[in-house]
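Visitor:
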Amino acid sequence: MRELSDMEVSPFTRRTLFRSAAGTLAAAGAATALAWPRAASGNGNHHHHGPAPLPSPIPGGLPVGPTGIIHVFLPGPPTITLPFTGLALQGLDVEPSTITNFRGATALAFLAGAATGSDGKQYNLEVDLRAFEGTYIADDGSTNRAAFALI
Numbered sequence: 034m035r036e037l038s039d040m041e042v043s044p045f046t047r048r049t050l051f052r053s054a055a056g057t058l059a060a061a062g063a064a065t066a067l068a069w070p071r072a073a074s075g076n077g078n079h080h081h082h083g084p085a086p087l088p089s090p091i092p093g094g095l096p097v098g099p100t101g102i103i104h105v106f107l108p109g110p111p112t113i114t115l116p117f118t119g120l121a122l123q124g125l126d127v128e129p130s131t132i133t134n135f136r137g138a139t140a141l142a143f144l145a146g147a148a149t150g151s152d153g154k155q156y157n158l159e160v161d162l163r164a165f166e167g168t169y170i171a172d173d174g175s176t177n178r179a180a181f182a183l184i
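The numbering of the sequence shown is the numbering used here, which starts it at 34 and goes up by one.
(1) Would the beta-carbon of residue 124 fall within 8 Å of that of residue 167?
(2) Output the distance between the C-alpha atoms of residue 140 and residue 98, rounded to the nearest integer angstrom.
(3) If we ignore side chains and look at the alpha-carbon of each, how far apart do residue 105 and residue 94 end up?
(4) Helix, strand or coil: how does DSSP classify residue 102 here?
(5) What does a CB cutoff of less than 6 Å around residue 133 pick up in its chain, not counting 5 residues either side in sequence?
(6) Return helix, strand or coil for residue 87, following the three-state DSSP convention.
(7) Which word fits residue 117, buried or exposed, when buried means at least 16 other C-beta atoms lie within 10 angstroms of its C-beta?
(8) Use the C-beta contact count for residue 177: other C-beta atoms within 10 angstroms, 16 or more gives buried, fewer gives exposed.
(9) Could you check whether the Cβ of residue 143 sits closer than 7 Å to any heavy atom belonging to the ligand ATP?
(10) Using C-beta distances below 7 Å, list every residue in its chain close to residue 170, excluding the 5 sequence neighbours before and after it, in chain order.
(11) With DSSP collapsed to three states, give me the class of residue 126.
(12) Exposed or buried, what is residue 101 when buried is set at 16 or more other beta-carbons lying within 10 Å of its beta-carbon?
(13) When you compare only the Cα positions, how much space is there between residue 163 and residue 179?
(14) Keeping to the same chain, check which residues put their C-beta closer than 8 Å to that of residue 86; ignore five residues upstream and five downstream.
(15) Given residue 72, which residues of its chain have a CB within under 7 Å of its CB, disregarding the five upstream and five downstream residues?
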């Protein structure tokens, strides 16, 4: 195998992308299973017969377009710039979660490379992949336990 230079992008298929993403999420799930061996305690109302209440997003985030915001920050060394969006990582003390009042584990990966579309063209690919597992307090005040993924 040969090493890639800093400027060379390794092309990969959609299959490779999904395998990598699935592996990252599986590793996050395994790690959180070890970190959370029992159900977290709260006010006792985290058992639902149906979907759990949605969590609240973190305040702030990245501006998108003239009026929008996406409730994420980019944790990591500020000397690193993502290759296609040109966004710089925001520091090691930046919140990796996207959920307010969250206690649990967060896994985070930034993937960058190239993918070949069904039209045969090569496209740049940059993915922010996050997985969360733990407890959160919903807007209705209930304490809930859940797992989430952000791709």
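Ideal Cβ placement from N, Cα and C applies to all residues, glycine included. All values reported here derive from a predicted model rather than from experimental measurement.
Guide: Looking at the atomic coordinates:
(1) Annotated as distal: residue 124 and residue 167, with beta-carbon spacing of 8 Å or more.
(2) Going from the Cα of residue 140 to the Cα of residue 98 covers about 27 Å.
(3) Rounded to whole angstroms, residue 105 to residue 94 spans 5 Å at the Cα level.
(4) In the displayed model, residue 102 falls within a strand according to three-state DSSP.
(5) For residue 133, where only same-chain residues beyond five positions count, the Cβ hits under 6 Å are 89, 91.
(6) DSSP places residue 87 in coil when its eight states are reduced to three.
(7) The residue in question, residue 117, is exposed, as its Cβ has fewer than 16 Cβ neighbours within 10 Å.
(8) Label assigned to residue 177: buried.
(9) Judged by which ligands are present, the structure shown has none, so any question about the ligand ATP falls away.
(10) Correct list, in chain order: 134, 176.
(11) Here residue 126 sits in coil by DSSP.
(12) With fewer than 16 other Cβ atoms within 10 Å, it is exposed.
(13) Rounded to whole angstroms, residue 163 and residue 179 show a C-alpha spacing of 14 Å.
(14) In the same chain as residue 86, and ignoring 5 residues on each side of it, the C-beta atoms closer than 8 Å to its own belong to 171, 172, 173, 175, 177, in chain order.
(15) Unreliable positioning characterises residue 72 in this predicted model, as indicated by a pLDDT of 39, which lies under 50. The coordinate reading is nonetheless provided below. When the five nearest sequence neighbours on each side are left out, the beta carbons in the same chain lying within less than 7 Å of the beta carbon of residue 72 are those of 178, in order along the chain.
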